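Q: Here it is, the structure in full.
There are 2 protein chains.
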Amino acid sequence: MAGILKERLFTPGPTPLLMEAQARTLTATLHHRTESFRQLMRETSGHLKYFYNTQNDVLIFSSSGTGAMEGAISNLVSPGERILVGTAGKFGERWLELARSYGLEAVKIETAYGHPLPIEEFDRRLRSEGSFRAVFIQATESSTGVSHDVEALGKLVQNYPETVLVVDAITGLGTTALEPDSWGLDVVIGGSQKALMIPPGLAFASVSEKAWNLIEKSKSPRYYFDFAKERKNQAKGETSYTPATTLVVSLHAALEYIRQVGRENLIENAATLALATREAARALELKLFAQSSPANALTAISAPEGLDSGAIVKEMRQRFGIIIANGQGTMKGKIFRLAHLGYYDMPDLFAALAALEITLNKAGHRCELGAGVRAAQDVYLKRRG
Amino acid sequence: MAGILKERLFTPGPTPLLMEAQARTLTATLHHRTESFRQLMRETSGHLKYFYNTQNDVLIFSSSGTGAMEGAISNLVSPGERILVGTAGKFGERWLELARSYGLEAVKIETAYGHPLPIEEFDRRLRSEGSFRAVFIQATESSTGVSHDVEALGKLVQNYPETVLVVDAITGLGTTALEPDSWGLDVVIGGSQKALMIPPGLAFASVSEKAWNLIEKSKSPRYYFDFAKERKNQAKGETSYTPATTLVVSLHAALEYIRQVGRENLIENAATLALATREAARALELKLFAQSSPANALTAISAPEGLDSGAIVKEMRQRFGIIIANGQGTMKGKIFRLAHLGYYDMPDLFAALAALEITLNKAGHRCELGAGVRAAQDVYLKRRG
Chain E
1 MAGILKERLF TPGPTPLLME AQARTLTATL HHRTESFRQL MRETSGHLKY
51 FYNTQNDVLI FSSSGTGAME GAISNLVSPG ERILVGTAGK FGERWLELAR
101 SYGLEAVKIE TAYGHPLPIE EFDRRLRSEG SFRAVFIQAT ESSTGVSHDV
151 EALGKLVQNY PETVLVVDAI TGLGTTALEP DSWGLDVVIG GSQKALMIPP
201 GLAFASVSEK AWNLIEKSKS PRYYFDFAKE RKNQAKGETS YTPATTLVVS
251 LHAALEYIRQ VGRENLIENA ATLALATREA ARALELKLFA QSSPANALTA
301 ISAPEGLDSG AIVKEMRQRF GIIIANGQGT MKGKIFRLAH LGYYDMPDLF
351 AALAALEITL NKAGHRCELG AGVRAAQDVY LKRRG
Chain Y
1001 MAGILKERLF TPGPTPLLME AQARTLTATL HHRTESFRQL MRETSGHLKY
1051 FYNTQNDVLI FSSSGTGAME GAISNLVSPG ERILVGTAGK FGERWLELAR
1101 SYGLEAVKIE TAYGHPLPIE EFDRRLRSEG SFRAVFIQAT ESSTGVSHDV
1151 EALGKLVQNY PETVLVVDAI TGLGTTALEP DSWGLDVVIG GSQKALMIPP
1201 GLAFASVSEK AWNLIEKSKS PRYYFDFAKE RKNQAKGETS YTPATTLVVS
1251 LHAALEYIRQ VGRENLIENA ATLALATREA ARALELKLFA QSSPANALTA
1301 ISAPEGLDSG AIVKEMRQRF GIIIANGQGT MKGKIFRLAH LGYYDMPDLF
1351 AALAALEITL NKAGHRCELG AGVRAAQDVY LKRRG
């Protein structure tokens, strides 16, 4: 050990913790069947609507995000019904796995990793292939760093009264300006360990009136993720089962902080960091993995020719204590990913880029020291003045 | 507010807190007159000897560092006795103020701010001006960022059996390799909010046998900072008065961390950060305030011609949440100071330098963006490979 080394997360979830929100849990000796907890839940639900930018109900589950994704499948669709799934990465594929588990007929719209899904293809299928019960997509595909155009898709699906749109916005929330109500994003899934700055363990689902109507009719088996039961209970500040109480306390505190910062400023923060990272990557002669429509939540960068991205990830951790993410699945070893969602500021990025420049040079990718930082500084100056 | 802004201390005390040491206090429901607290005190005293690199007693006081400085005066010197004081900054002047308060005759060896004290002048005075009871100096003058040669001074004072050397090493400990025992540093003063990574509130004094002999004879009034009484009590893990218990808990935890890192590595860490900062300053065409013998604990940088350093301090805080220190006293507005002591790593410095480059450019000091970071990266590569 050659001195001090601080561990710093730059992964697209979990993300750096807001310590003030963590500290709040220390005095939280609370029982969930009390009026004080019910009040906390009701306030937290209200804050979540602000974060989501919606008037729809936002349900809270004690689970990872995948739990709420499963809930969207089991509550909305009945066995044998057809759904349309957009997939261009690991999390798109998760929708397909869930559909398979529930015996649904999933029609797939696929595009290559690193590309956004073609919305016109959804239009064509919806028009030509008869009725679908639901359409599933990611707002941001965290495995590739690409954003999909959920606004266009929402406005399209709005034309089909029997079809709902489900958006996995686990990394999209707090990094992309979403308008669930006017765009027709019927169910929007979120998770705690992303832009919300708290640990993993809570998942969220906003549900529109159009979706509630469908939920009444759906016949898939469900129990823990029963949306209607939760809606009834959470309207009173109750939860159907024992909730992860300290995470709710952290969430409440983090959402208070986010209200202070402002939802739009939080998104703008991620957008500036993402743009600065892309410009830095160009200055360091690195290729971005997203061919277009790059996400604000994270930036995926291709490892330089002949280098394993795993070696870059390892070296960043060992030299600087900086934890970035390798690629997932077939992208493992080929890309590395640097996150911008949640509790990050410009000095965080300057630090990570300077460390990356050293790491790349040591790994054999010659690049000018300081050049990536300078590109990020230029973006800061252009956007913040 | 334009997004996320994290507060980051780059001041030469208080310094960034080691969160693991803070967390330890949360379960510290302890009473100070118990065997478990006595054991904690004894272990902490042992760890402090390691940190100090000494076999001398190291006393712990619940006070700021100035309290232990006062103790060194009141325990060692009697009214009317003569002392020799080296001063080249605000903390040197503090020794003079203390001497005045206790009615001592202080002979001053002074040099201009930004310069190290001339040790040959101490030699001349000690030889020519008869007996002095004690000599006082700083290891590192935090107001100017200059190190004094306490090794040479110690070896000199060792030749005078009736004279002890008192070193204010509040910012010197953990940033400079000190050998109190072989160099003859009789009393060495420390403070908690510096390289020890915990909050303000504890002060330390190591005391040599030579100093203990003097303490027996000294007639200055003292009560709270009575070294002999504390020695007797602390040998048993007791304290004379109610100690700041949670700070002792943090200190114990922080010293365990420092033993893991290694005392030498901690010092090397500060030395590398300091060197990198000086090289960065040169690359940005800034003048270092220390004309020679710059400290590892902090770097003092002169504000560019025509600029008020207070404006740079303010802008760094407002734009980036980075808190650096203005000059003190007559140096206010003329220098700013960036700390390296304690819980800092290279990514911290990269972040601060990138922010400083932007801040300087906005303030009218044109410098190449990224150039300071690059100079620091080069130092990292040279020293860490």
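Chains E and Y, in that order, give the protein sequences.
Every letter in the first sequence is one number past the one before it in my numbering, and letter 345, counting from 1, is 345.
With the second sequence counted from 1, adding 1000 to any position gets you my numbering.
We put the CB at the ideal spot given by N, CA and C, even for glycine.
All values reported here derive from a predicted model rather than from experimental measurement.
8 Å is my cut-off, CB to CB: does V1379 of chain Y come that close to chain E?
A: So no, V1379 of chain Y is outside the interface.
Q: Under 8 Å, with one C-beta from each stretch per pair, do the segment 1344–1353 of chain Y and the segment 346–360 of chain E reach the 3-pair mark?
A: Taking 8 Å as the limit for Cβ pairs, the verdict is that the segment 346–360 of chain E does touch the segment 1344–1353 of chain Y.
Q: The ligand MG and E1305 of chain Y: does any heavy atom of the ligand fall closer than 7 Å to the residue's C-beta?
A: Ligands in the displayed structure: none, and consequently the ligand MG is not present.
Q: Anyone know if the C-beta pair for E89 of chain E and F289 of chain E falls short of 8 Å?
A: Rather than Glu, the amino acid found at residue 89 of chain E in this sequence is Gly. Taking 8 Å as the Cβ cut-off, G89 of chain E and F289 of chain E do not qualify as a contacting pair.
Q: F61 of chain E and F225 of chain E look like a contact to me (Cβ under 8 Å); what is the Cβ gap, rounded to whole Å?
A: With 8 Å as the limit, F61 of chain E and F225 of chain E qualify as a contact, their Cβ atoms being about 6 Å apart.
Q: Strictly below 9 Å CB to CB, what residues from chain E border E1357 of chain Y?
A: Those within 9 Å of E1357 of chain Y in chain E are V373, R374 and Q377.
Q: Roughly how many angstroms separate the alpha carbons of T11 of chain E and A300 of chain E, rounded to a whole number?
A: Computed Cα separation, rounded: 11 Å.
Q: From E:Q193, E:G333, E:Y257 and E:R317, pick the residue whose C-alpha is nearest to that of S421 of chain E; which is it?
A: A query on residue 421 of chain E cannot be resolved here, the shown segment of chain E reaching from 1 to 385 and no further.
Q: Identify each residue in the segment 326–350 of chain E for which the Cβ-Cβ distance to at least one residue of chain Y is less than 9 Å, and report them in chain order.
A: Per Cβ criterion, the list reads G342, Y343, Y344, D345, M346, P347, D348, L349 and F350.
Q: Hey, E1043 of chain Y and Y1257 of chain Y: beta-carbon distance below 8 Å or not?
A: Cβ atoms of E1043 of chain Y and Y1257 of chain Y: not closer than 8 Å.
Q: Taking the straight line between their C-alpha atoms, what separation do you get for H1340 of chain Y and L1298 of chain Y?
A: The straight-line gap from Cα to Cα measures roughly 5 Å.
Q: Given 8 Å as the limit, is there contact between the segment 161–172 of chain E and the segment 61–78 of chain E, that is, 3 or more CB pairs closer than that?
A: The segment 161–172 of chain E is in contact with the segment 61–78 of chain E.
Q: Under DSSP, the beta strand (DSSP E) around F136 of chain E begins and ends at which residues?
A: Run containing F136 of chain E: A134 to Q138, per the beta strand (DSSP E) assignment.
Q: Below 8 Å on C-beta distance, what does G1388 of chain Y contact in chain E?
A: No answer is possible for residue 1388 of chain Y: the residues shown for chain Y start at 1001 and end at 1385.
Q: What did DSSP end up calling L1165 of chain Y once you bin it into helix, strand or coil?
A: L1165 of chain Y: strand per DSSP, three-state reduction.
Q: Just to confirm my understanding: we take G1385 of chain Y, look at its own chain, exclude 5 residues before and 5 after, and list those with CB closer than 7 Å. What are they?
A: Within the same chain, G1385 of chain Y has no close Cβ partners at all.
Q: Does any C-beta atom of chain Y lie closer than 8 Å to the C-beta of L360 of chain E?
A: Taking Cβ atoms only, chain Y never reaches closer than 8 Å to L360 of chain E, which makes this a no.
Q: How would you list, in chain order, the residues of chain Y whose beta-carbon sits under 9 Å from the beta-carbon of I322 of chain E?
A: Correct list: P1347.
Q: For D308 of chain E, which residues from the same chain have a beta carbon less than 6 Å from its beta carbon, with the 5 sequence-adjacent residues on both sides left out?
A: Taken in chain order, the residues that qualify are G333.
Q: Helix, strand or coil: which one does DSSP assign to L1273 of chain Y?
A: It is helical.
Q: Around the C-beta of Q1377 of chain Y, are 16 or more other C-beta atoms found within 10 angstroms, so that it is buried, or is it exposed?
A: Buried: at least 16 other Cβ atoms inside 10 Å.
Q: Comparing C-alpha positions only, which one of E:S64, E:F136, E:L98 and E:S143 sits nearest to M331 of chain E?
A: Nearest option by C-alpha distance: E:S143.
Q: Could you compute how far the alpha carbon of L202 of chain E sits from the alpha carbon of A325 of chain E?
A: Between L202 of chain E and A325 of chain E, the C-alpha separation is close to 22 Å.
Q: Helix, strand or coil, according to DSSP, for T25 of chain E in the structure here?
A: Residue state, collapsed to three classes: helix.
Q: Check whether the Cβ atoms of S1192 of chain Y and N1056 of chain Y lie closer than 8 Å to each other.
A: No, these two residues do not count as a Cβ contact at 8 Å.
Q: Can you confirm whether K194 of chain E, when its beta carbon is compared against all beta carbons of chain Y, has any partner nearer than 8 Å?
A: No, K194 of chain E does not count as interfacial toward chain Y.
Q: Could you compute how far the alpha carbon of W1212 of chain Y sits from the alpha carbon of R1278 of chain Y?
A: When rounded, the distance between both Cα atoms is 40 Å.
Q: How would you list, in chain order, the residues of chain Y whose beta-carbon sits under 9 Å from the beta-carbon of G172 of chain E?
A: None at all; the shortest Cβ gap to chain Y is about 18 Å.
Q: Count the other CB atoms, across all protein chains shown, that sit within 10 Å of the CB of R1124 of chain Y; report buried if there are 16 or more and exposed otherwise.
A: R1124 of chain Y is exposed by the Cβ-count criterion.
Q: Of all the options E:Q291, E:V107, E:G80 and E:I73, which has the alpha carbon lying nearest to the alpha carbon of T87 of chain E?
A: Nearest option by C-alpha distance: E:V107.
Q: What does the Cβ neighbour count give for N75 of chain E, buried or exposed, with the cut at 16 atoms within 10 Å?
A: Buried, by the Cβ-count rule.
Q: For the alpha helix (DSSP H) holding R1317 of chain Y, just list the boundary residues, first then last.
A: Start and end: S1309 to F1320.
Q: Determine the direct distance from the alpha carbon of A1280 of chain Y to that of M197 of chain E, and round the result to whole angstroms.
A: Taking the straight line from one Cα to the other gives about 33 Å.
Q: Please determine, among Y:T1034, Y:P1161, Y:L1096 and Y:A1295, the residue with the shortest C-alpha to C-alpha distance to E1238 of chain Y.
A: Answer by Cα proximity: Y:T1034.
Q: If we count the other Cβ atoms within 10 Å of its Cβ and call it buried at 16 or more, is N1159 of chain Y buried or exposed?
A: Exposed.
Q: Determine which residues of the segment 282–293 of chain E have a Cβ less than 7 Å from any Cβ of chain C, and write them out in chain order.
A: Reference to chain C is not applicable here, since the protein chains of this structure are E and Y.
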